[in-house]
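Report on the structure given below.
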Amino acid sequence: MAWLLILVPLLAAALAFAVSSPALRAWILPAVGVVHLGLLLVALAGWRTLPATAWFGLDALGGWVLLVISVLFCICAFYAPAYLALRPDRDHRVLATCLLGFLGLASLLAQARHPGIAWVAMETTTLVSAPLIYFNHNRRSLEATWKYLVIGSVGIALALLGTLFIAYAAHMGGLEEPLRYTRLVENASLLSRPWLRAGFVLTLVGYGTKMGLAPLHTWKPDAYGETPGIVGALLAGGVTSCAFLALLRIYGVVAAAGEGAFARELLVAFGMLSMAWALVFMIRQTDIKRMLAYSSVEHMGILVFGIGIGGLAAKFALFHLAANALVKSVLFLSAGNIHRSYASKQLPFVTGALRRTPVSGWLFLLAFLAITGMPPFAPFLSEFSIASGALGTGHLASGAAFLVLLGGIFLAMSETVVKVVFGTPSAQRVRTPYKDAPATTAPLIVALALALVLGIWLPRPLQAMLDHASTTAEGLRSAHLEVRP
Amino acid sequence: MLPDLLIALTMLSNFSLVATSRVAKAIQFAVLQGVLLGLMPLAMGLGRHFHIILLAIAAVAVKGWLIPFLFRRALKQVHIQREVDPYIGYTVSLMLCALGTGLSLLLAHNLPLKPGTEYVLMVPASLATLFTGFLLLVSRRKALTQVVGYLVLENGIYLFGLLLVEDMPALVEAGILLDLFVGIFVMGIVINHIRVAFDSTDTRHLAELKD
Numbered sequence: 003m004a005w006l007l008i009l010v011p012l013l014a015a016a017l018a019f020a021v022s023s024p025a026l027r028a029w030i031l032p033a034v035g036v037v038h039l040g041l042l043l044v045a046l047a048g049w050r051t052l053p054a055t056a057w058f059g060l061d062a063l064g065g066w067v068l069l070v071i072s073v074l075f076c077i078c079a080f081y082a083p084a085y086l087a088l089r090p091d092r093d094h095r096v097l098a099t100c101l102l103g104f105l106g107l108a109s110l111l112a113q114a115r116h117p118g119i120a121w122v123a124m125e126t127t128t129l130v131s132a133p134l135i136y137f138n139h140n141r142r143s144l145e146a147t148w149k150y151l152v153i154g155s156v157g158i159a160l161a162l163l164g165t166l167f168i169a170y171a172a173h174m175g176g177l178e179e180p181l182r183y184t185r186l187v188e189n190a191s192l193l194s195r196p197w198l199r200a201g202f203v204l205t206l207v208g209y210g211t212k213m214g215l216a217p218l219h220t221w222k223p224d225a226y227g228e229t230p231g232i233v234g235a236l237l238a239g240g241v242t243s244c245a246f247l248a249l250l251r252i253y254g255v256v257a258a259a260g261e262g263a264f265a266r267e268l269l270v271a272f273g274m275l276s277m278a279w280a281l282v283f284m285i286r287q288t289d290i291k292r293m294l295a296y297s298s299v300e301h302m303g304i305l306v307f308g309i310g311i312g313g314l315a316a317k318f319a320l321f322h323l324a325a326n327a328l329v330k331s332v333l334f335l336s337a338g339n340i341h342r343s344y345a346s347k348q349l350p351f352v353t354g355a356l357r358r359t360p361v362s363g364w365l366f367l368l369a370f371l372a373i374t375g376m377p378p379f380a381p382f383l384s385e386f387s388i389a390s391g392a393l394g395t396g397h398l399a400s401g402a403a404f405l406v407l408l409g410g411i412f413l414a415m416s417e418t419v420v421k422v423v424f425g426t427p428s429a430q431r432v433r434t435p436y437k438d439a440p441a442t443t444a445p446l447i448v449a450l451a452l453a454l455v456l457g458i459w460l461p462r463p464l465q466a467m468l469d470h471a472s473t474t475a476e477g478l479r480s481a482h483l484e485v486r487p
Numbered sequence: 155m156l157p158d159l160l161i162a163l164t165m166l167s168n169f170s171l172v173a174t175s176r177v178a179k180a181i182q183f184a185v186l187q188g189v190l191l192g193l194m195p196l197a198m199g200l201g202r203h204f205h206i207i208l209l210a211i212a213a214v215a216v217k218g219w220l221i222p223f224l225f226r227r228a229l230k231q232v233h234i235q236r237e238v239d240p241y242i243g244y245t246v247s248l249m250l251c252a253l254g255t256g257l258s259l260l261l262a263h264n265l266p267l268k269p270g271t272e273y274v275l276m277v278p279a280s281l282a283t284l285f286t287g288f289l290l291l292v293s294r295r296k297a298l299t300q301v302v303g304y305l306v307l308e309n310g311i312y313l314f315g316l317l318l319v320e321d322m323p324a325l326v327e328a329g330i331l332l333d334l335f336v337g338i339f340v341m342g343i344v345i346n347h348i349r350v351a352f353d354s355t356d357t358r359h360l361a362e363l364k365d
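Which chain is which? The protein sequence lines are A and B, in order. In terms of our numbering, the first sequence opens at residue 3 and continues consecutively. In terms of our numbering, the second sequence opens at residue 155 and continues consecutively.
Below, the structure written as structure tokens:
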């Protein structure tokens with residue numbers, strides 16, 4: 003099963019590259035998305051024991067992250083055929099191949115039980131996502147691609163050095179390779195402290211660059227701003243989740259070694275800085291896709307902030323991974339529809355979306371309310387729980403700052419969003435033939451509905467899975483005994 | 155003895171890298187560095203392990219043959235010879251490189267080595283090479299020289315990895331090498347697109363996107 007999750011998307015990627023009919027190629031995406039999700043659910047439902055010597059396998063943490071990515075991929079994949087039909091000007095072969103390749107590599111990463119393999123998978127996702135950013139083949143997307151490649155490659159190189167430092171910490175402690183996570187967590191007390199600390203700082207900077215934590219996020223607004231919404235959604239909810247998982251694996255080792263306090267301070271600081279930085283750049287932001295990119299910086303900040311607080315907040319940081327991915331997909335895809343309709347994503351030109359494209363306009367507005375923490379959507383539950391986790395454990399100053407930043411971000415974003423959705427479409431805007439159709443809006447409605455349901459009702463298996471995943475993330479269990487969520 | 159000599163040569167090539175204005179020379183130094191490091195496991199007397207010999211061959215093949223091939227192709231396409239007007243001049247770069255090397259020695263002093271390790275220069279040399287790569291990346295304008303910087307940065311990491319070479323799973327080592335190759339391959343493609351779009355590979359043109 004483990005191999006199928008990896009191989010099905012990779013083989014489909016080869017197929018998508020070989021097929022010559024664009025229509026047929028576009029439908030490979032949803033077909034693979036459904037098969038992948040089905041396989042994953044079967045894998046998560048069965049009782050199995052993951053042996054400590056396994057190189058690959060799903061534990062609760064990897065399973066949760068892959069579940070989020072798989073659902074997100076399905077949403078984007080069902081949106082893809084209609085979107086690609088609107089873009090006959092571009093060749094879709096590379097896009098479809100790289101999207102499927104990403105899904106296969108994310109499955110590899112989620113199941114990797116060795117930090118070296120996880121690193122290789124993460125680096126490869128960077129390489130397959132570069133052509134996605136270059137989809138529009140113009141000067142602006144070229145610039146975004148180059149920045150993404152260079153900054154991302156340097157970041158990921160630092161993550162490799164950090165991983166090697168941790169391997170050396172184990173080497174000094176007398177642990178022998180293969181250093182699977184299980185062995186690292188179980189023998190964490192043997193690891194050499196200076197190397198472990200230095201290794202954690204480097205992996206935080208490295209994988210933090212891939213997540214887009216401030217001040218390492220500079221590629222993000224450019225990349226998200228210049229790609230189609232479908233790629234933006236998958237980058238903001240998928241690639242970043244992969245990097246977050248790789249970071250959590252290392253954090254688990256560090257926490258198990260008793261260096262958790264040191265790591266948590268850094269995580270809280272990075273989280274707050276990311277939220278504050280995002281807030282500053284969201285004020286008077288005129289480009290809707292860049293605004294979403296800064297929103298992504300903010301939410302990556304929320305994730306590491308929650309992990310840094312620990313306990314309840316850590317559990318809901320993992321929940322927030324799903325909430326953010328679902329709502330971000332609605333935001334990016336509806337912004338993409340609006341972009342298509344106005345042939346612009348800049349503020350003075352894009353106004354009155356509720357009249358011009360009512361369904362996308364409403365979805366954009368509702369998703370904005372959801373992402374900024376409006377009940378009863380899922381992000382409200384996670385943001386509220388992270389804040390109460392912080393305040394309840396005596397982190398009064400950081401908890402209060404967290405709430406103030408959330409409020410500020412709501413105000414900053416609302417200024418732009420209100421101008422986009424309300425008002426009247428300006429008379430001199432470019433007229434495009436784009437009209438909202440079920441094919442370009444139904445996947446978004448499903449995603450928003452899922453975010454709504456998760457905000458009200460968390461099914462018991464998911465609840466149990468989250469509990470296991472958060473204790474694994476915090477290094478409290480070595481994750482080889484149970485895979486049952 | 156031999157490993158220390160190779161490490162010293164690696165550190166020397168760092169200085170040559172930041173001091174040269176000719177792109178082809180910089181590529182040669184980075185490739186030379188890669189080959190020296192690729193041979194290191196054999197110089198360290200690990201030639202009795204079969205998988206280490208295989209990895210050394212793979213590393214030399216990728217860094218001494220495949221990657222130079224990619225660079226030569228890119229160089230032919232872009233017709234550039236010199237890095238003109240870098241963000242940080244050559245003299246200052248050289249001084250920064252010396253400063254970085256000194257700091258690396260200090261930093262490595264604070265990180266304990268496993269008792270009995272012979273190669274005390276490995277960690278400072280690795281950090282110094284890493285720093286050199288970083289310096290090239292941020293101080294040069296030409297996209298191609300930036301890729302050279304990335305390669306040097308990877309060389310620095312590879313040098314540190316040699317401390318663990320006996321233990322590291324071959325699967326991981328091979329994956330890292332493959333990623334390095336594919337990474338430089340993809341960057342080469344993007345550079346060619348930059349050349350076609352802007353009629354230059356100067357990254358100064360890539361400054362349209364901002365808030």
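Ideal placement from N, C-alpha and C gives every residue a C-beta, glycine not left out.
Residue pairing for residue 58 of chain A: DSSP places it in a beta bridge opposite A:114. Contact of residue 347 of chain B with chain A by beta-carbon distance below 7 Å involves 144. The segment 303-376 of chain A contains no complete beta strand (DSSP E) run of 3 or more residues.
Residue 306 of chain A has its alpha-carbon roughly 44 Å from the corresponding atom of residue 234 of chain B. The alpha-carbon of residue 223 of chain B is positioned some 27 Å away from that of residue 159 of chain B.
Between the segment 153-160 of chain A and the segment 177-191 of chain A there are fewer than three C-beta pairs closer than 8 Å, too few to call the two in contact.
For the 7 Å CB-CB criterion, residue 212 of chain A and residue 295 of chain A do not form a contact. Against chain A, a Cβ distance below 9 Å from residue 330 of chain B picks out 118, 121, 122, 125, 162. The straight-line gap separating the alpha-carbon atoms of residue 274 of chain B and residue 331 of chain B is approximately 25 Å. At a cut-off of 7 Å, the C-beta of residue 297 of chain A has no neighbouring C-beta in chain B. Proximity of residue 109 of chain A to chain B, defined by a Cβ-Cβ separation below 7 Å, is not satisfied.
In the structure shown, residue 286 of chain A adopts coil according to DSSP, grouped into three states. Assignment of beta-bridge partners to residue 296 of chain B by DSSP yields B:356. Proximity of chain B to residue 197 of chain A at the Cβ level (cut-off 9 Å) is accounted for by 265, 266, in chain order. The segment 280-294 of chain B and the segment 165-173 of chain B touch, with three or more beta-carbon pairs separated by less than 8 Å. A:311 is the residue among A:98, A:207, A:311 whose C-alpha sits nearest the C-alpha of residue 402 of chain A. Residue 434 of chain A places its beta carbon 7 Å or farther from that of residue 348 of chain A. Where residue 241 of chain B is concerned, there is no enclosing alpha helix (DSSP H), because DSSP gives it neither an H nor an E.
The residue from A:203, A:44, A:333, A:358 with its alpha-carbon nearest to that of residue 234 of chain A is A:333. Contacts with chain B at 7 Å (Cβ-Cβ) do not include residue 91 of chain A.
For residue 353 of chain B, the nearest beta carbon of chain A is not closer than 7 Å to its own beta carbon.
Not a single C-beta of chain A is nearer than 7 Å to the C-beta of residue 237 of chain B. Listed along chain A is no residue with a C-beta nearer than 7 Å to that of residue 234 of chain B; the closest approach is about 16 Å. The segment 277-285 of chain B and the segment 132-140 of chain A do not touch, with fewer than 3 CB-CB distances between them shorter than 8 Å. Annotation for residue 268 of chain B: no alpha helix (DSSP H) segment contains it, and DSSP assigns it neither H nor E. For residue 227 of chain B, the secondary structure class from DSSP, reduced to helix, strand or coil, is helix. Straight through space, the alpha carbons of residue 337 of chain A and residue 417 of chain A are spaced by roughly 16 Å. The residue among A:342, A:242, A:258 with its C-alpha nearest the C-alpha of residue 322 of chain A is A:242. By the criterion of a C-beta distance shorter than 7 Å, residue 302 of chain B is surrounded in its chain by 180, 181, 184, 290, once the five residues flanking it on both sides are discounted. Among the CB atoms of chain A, one or more fall inside 7 Å of the CB of residue 362 of chain B.
When DSSP states are grouped into helix, strand and coil, residue 479 of chain A belongs to the coil group. Between residue 148 of chain A and chain B, the shortest Cβ-Cβ separation is below 7 Å. When DSSP states are grouped into helix, strand and coil, residue 89 of chain A belongs to the coil group.
Counting along the chain, residue 194 of chain A sits inside no alpha helix (DSSP H), nor does DSSP assign it H or E at all. From the listed residues A:11, A:76, A:89, the smallest Cα separation to residue 449 of chain A is found for A:76.
DSSP places residue 182 of chain A outside both helix and strand once states are collapsed to three, so it counts as coil.
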